[in-house]
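Here the structure comes first, spelled out in structure tokens, and everything after it is commentary.
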Amino acid sequence: MSDNGYKQIVILSGKGGTGKTTISAAFASFENNKVIVDCDVDAANMHLMLKPKSEISHEFSGGKKAAINNEICTQCGLCETVCRFDAISNFTVDQLKCEGCGFCFRVCPANAITFSPSIGGNYFECELEDESKFFYAKLFPGEGNSGKLVSEIKKKAINSIKDSSRKFVIVDGPPGIGCPVNASISKADFAVLVTEPTLSGVHDLKRLVKLLITFKIKMGIIINKSDLNEAVAEQIKDHADEKEIPILGEIPFNSEFVKALIEGNNIVDVDESVKKELLSIWEKTKSYIIN
Amino acid sequence: MNDLKISIASGKGGTGKTTIAASLASIIPNSVYIDCDVEEPNGHLLLKPKINTEEFVSKLLPKIDPFKCTVCGNCVEVCEFNALINLKFEITLIDEMCHGCGACAYFCPEKAITEIEKPIGVIRRGITEDNIYFIDGLLNIGEVAAAPLIKAVKKKIPEGGTAPYNTAIGKGTSSYKKGIIAVKNEFYDSQIDNETTSYKKEIPKGRDDFDKNDFDNKIFSDNKSFLDNVKPESSSSEYFKTYIIDSPPGTSCSMVEAVIDSDYCVLVTESTPFGLNDLKLAMEVLKTIRVPFGVVINKYDDSYREMEKYLEESKTDLLLKIPFDRKYAVSYSKGILPLVLYPELRTDFFDLYETIKRMIGLEMGKVQSV
């Protein structure tokens, strides 16, 4: 339970391309009292669908980076010896490899190394047509610190909800189970896992479920493209049973999903049957959070 | 001809990286498939390798000797990642925040900090029925450090032209000893068991069960598998290795770690605005790190014109279009590479490989004769 009465719902999948963003956007369209956060900071897509009417850009300070001043450097090589990230060679620092630990800066006997904050990306505070708030980010190409950026935009989103009557934070999560996923599930009230009946889908789902159990986060599962492989869909249901995770709903494979994407539409605006199913899934999700 | 490193990346998840990477590996003679999507590796589901070695990969964490520590706070001050917290009466570590840089141990005036290894994942190596060498990394659940594991996985790619298993399991080398024999370990039982049950039975129990010659024979002798019919005849001059590196999605540090230093990167996208948006981001990364690239449009849908328009405008090489077909998706769902069931795709992948080689030749300033 969150402090200020709002609920945080994170949409995840493990495997990419199962329909997280489409389903997040659908959920968002069902609620007026919400803030939406796209936590896939290195490949953000939700803004393409939500088409914000205004956005304010902010800089994200990713962390510090070291640089060697060659005029002062005595070429003793101590920095290269202590660096564990292979970022220093020939008395220059590879900015992409620099982890920002500052070891070299502190160890340099000639004080030839500077260590200063670098901009790791941008984040955007947006307003949608229905006046809800929406946050997304763009990490600079190849940057680390994606988890830090996720934490930062989530913090901004939650701050914006604290002084309003909004009830839901809808978080579109990144794929995988690593650093940005860990950041996006922190303090979530409920996780909606979007999976597909493929061997990869199940494999990735199981790893994600384990992660969420570790963090003691309640969850439910949506089987998207459910008729692609009925046998594998059964495997998902068996696994859900075993772990006592509710199946929130099943959505059969539907070419309207791709069509809606291409035309830039929200799936709930173009397909009545999908809308009905997704609405019932959303109601179920809410019932799990309130209990 | 020299060894080739071809990486497969995408930006957006679920566009078909692993299918394309595994398909390429399956039609290339002497190929090595390396799955760098360590958070959610899937290549083993399609290629079904026999895993021969499993090696744990660790990161270093500081361990503070409470009897030596004077709680002076130096370590807390030098830690840029806020992994150490000063509780006044002791210093405590948040494992997940630690990047293992070692600064705290170095700067501790009391020499109270030693560094201990903490497992972050496992590297699995093996070979498939069709003689594709297989390497992947599997990140421990709850662990955040994907990039260091990817780095460790890539260190298994030998530089130069030696067959990886000749160097890795030759007599007296340590990497094999470190492998699967060390399974009696709580970590193994809890984390890996479920993941590998499907082929665990085939793992040799000890060094004696493992015949190195058998491996060599497998590489160079004729095999009777189905791919024999489709793999081109190898001439002796073609005993170079092709490394197919399957990257994680996204454009952050772990993707860079996977694709950096490859000779060529194949970007897999799909015919949607999401696919295009993320393709552009991935292209930016590759330009920054100077890896040449071309694009495969998977699940191609001719109603989405913007993709090809963009590729044309940006003068990006379009390597292959694979039309969307439900039957490919169904085949994938069962863990079967679509090209195994649908021969029309094999020609596509042969062509793709030839195109990539030609592109690399052009990059090197000369067209290579194949």
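Taken in sequence, the protein lines are chains A and B.
Going by our numbering, the first sequence wraps up at 291, each residue one higher than the last.
Going by our numbering, the second sequence wraps up at 1370, each residue one higher than the last.
Even glycine gets a Cβ: it sits at the ideal position worked out from N, Cα and C.
Residue-chain proximity (residue i, chain A), Cβ-Cβ < 8 angstroms
i                 : result
Ala1329 (chain B) : yes
Glu1159 (chain B) : Interpretation of Glu1159 (chain B) is limited by its pLDDT of 43, a score under 50 that renders its predicted location unreliable; the figure taken from the coordinates is listed afterwards. Taking Cβ atoms only, chain A never reaches closer than 8 angstroms to Glu1159 (chain B), which makes this a no.
Ile1141 (chain B) : yes
Val1076 (chain B) : no
Phe1134 (chain B) : no
Ala1112 (chain B) : no
Tyr1264 (chain B) : no
Ile1245 (chain B) : no
Asn1277 (chain B) : yes
Thr1269 (chain B) : no
Phe1240 (chain B) : no
Pro1273 (chain B) : yes
Leu1341 (chain B) : no
Cys1108 (chain B) : no
Glu1040 (chain B) : yes
Residues near residue i in its chain [Cβ-Cβ closer than 7 angstroms; skip 5 each side]
i                 : result
Gln8 (chain A)    : Ser2, Val169, Val171, Lys187, Ala188 and Asp189
Phe91 (chain A)   : Ile68, Asn70, Cys73 and Gln75
Ala1282 (chain B) : Ala1009, Ser1010, Gly1011, Thr1251 and Leu1267
Tyr6 (chain A)    : Ile161, Arg166, Lys167, Phe168 and Val169
Gly147 (chain A)  : Cys179, Pro180, Asn182 and Ala183
Distance between beta carbons of residue j and residue i, contact taken as under 8 angstroms
i                 : j                 : result
Glu143 (chain A)  : Ser1333 (chain B) : Going by Cβ atoms, the distance from Glu143 (chain A) to Ser1333 (chain B) rounds to 34 angstroms, so no, they are not a contact pair.
Ile1120 (chain B) : Phe1350 (chain B) : With a Cβ gap of about 38 angstroms, Ile1120 (chain B) and Phe1350 (chain B) do not count as contacting.
Leu1337 (chain B) : Ala1022 (chain B) : 6 angstroms
Phe135 (chain A)  : Ile113 (chain A)  : That pair is no contact at about 35 angstroms.
Glu256 (chain A)  : Asp271 (chain A)  : 5 angstroms
Leu278 (chain A)  : Gly173 (chain A)  : About 18 angstroms; that fails the 8 angstroms criterion.
Ser1247 (chain B) : Lys1017 (chain B) : 7 angstroms
Pro1066 (chain B) : Glu1090 (chain B) : 6 angstroms
Ile1289 (chain B) : Ile1260 (chain B) : 5 angstroms
Ala1146 (chain B) : Leu1139 (chain B) : 6 angstroms
Ile1411 (chain B) : Ile1150 (chain B) : Nothing can be reported for residue 1411 (chain B): it is not among the residues displayed for chain B, which extend from 1001 to 1370.
Inter-residue spacing [alpha-carbon to alpha-carbon] between residue i and residue j
i                 : j                 : result
Val37 (chain A)   : Glu1110 (chain B) : 46 angstroms
Asn45 (chain A)   : Ala183 (chain A)  : 18 angstroms
Glu1308 (chain B) : Asp1302 (chain B) : 9 angstroms
Phe60 (chain A)   : Thr198 (chain A)  : 37 angstroms
Glu1306 (chain B) : Asn224 (chain A)  : 27 angstroms
Glu31 (chain A)   : Ser1007 (chain B) : 42 angstroms
Ile1352 (chain B) : Leu1286 (chain B) : Note that residue 1352 (chain B) corresponds to Leu in the displayed sequence, not to Ile. The straight-line gap from Cα to Cα measures roughly 20 angstroms.
Ser200 (chain A)  : Thr18 (chain A)   : 11 angstroms
Arg106 (chain A)  : Cys1108 (chain B) : 13 angstroms
Lys1321 (chain B) : Ala25 (chain A)   : 29 angstroms
Glu1257 (chain B) : Asn122 (chain A)  : 22 angstroms
Thr1355 (chain B) : Glu80 (chain A)   : 40 angstroms
Ala231 (chain A)  : Val1057 (chain B) : 35 angstroms
Val1295 (chain B) : Lys1315 (chain B) : 11 angstroms
Residue-level contact to chain B via CB, residue i, 8 angstroms cutoff
i                : result
Asp204 (chain A) : yes
Leu12 (chain A)  : no
Cys179 (chain A) : yes
Cys101 (chain A) : yes
Pro252 (chain A) : no
Glu143 (chain A) : yes
Thr18 (chain A)  : yes
Lys64 (chain A)  : yes
Ile262 (chain A) : yes
Closer than 7 angstroms: residue i CB and nearest the ligand SAM heavy atom
i                 : result
Asp1065 (chain B) : Annotation note on the ligand SAM: not contained in the displayed structure, which lists no ligands.
Beta-carbon proximity of residue i to residue j, cut-off 8 angstroms
i                 : j                 : result
Lys15 (chain A)   : Glu1143 (chain B) : no
Asn1086 (chain B) : Gly1073 (chain B) : yes
Leu212 (chain A)  : Ile185 (chain A)  : yes
Pro1292 (chain B) : Ser1010 (chain B) : no
Glu1080 (chain B) : Lys64 (chain A)   : yes
Thr1272 (chain B) : Val258 (chain A)  : yes
Asp1003 (chain B) : Tyr1243 (chain B) : yes
Ile1034 (chain B) : Ile1132 (chain B) : no
Ile161 (chain A)  : Val35 (chain A)   : yes
Lys97 (chain A)   : Phe85 (chain A)   : yes
Leu205 (chain A)  : Ile236 (chain A)  : yes
Val41 (chain A)   : Ala191 (chain A)  : no
Contacting residues, own chain, Cβ-Cβ under 8 angstroms from residue i (five flanking each side not counted)
i                 : result
Val209 (chain A)  : Leu193, Met219, His239, Lys243 and Ile245
Pro109 (chain A)  : Thr74, Cys76 and Leu78
Leu981 (chain B)  : Residue 981 (chain B) lies beyond the residue range present for chain B, which begins at 1001 and ends at 1370; the question has no answer from this structure.
Ser1031 (chain B) : Leu1024, Ala1025, Ile1132, Tyr1133, Lys1241, Thr1242, Tyr1243 and Ile1244
Beta-carbon proximity list for residue i, same chain, < 6 angstroms, skipping 5 on both sides
i                 : result
Tyr1328 (chain B) : Pro1338
His47 (chain A)   : Tyr136
Lys1068 (chain B) : Glu1110 and Ala1112
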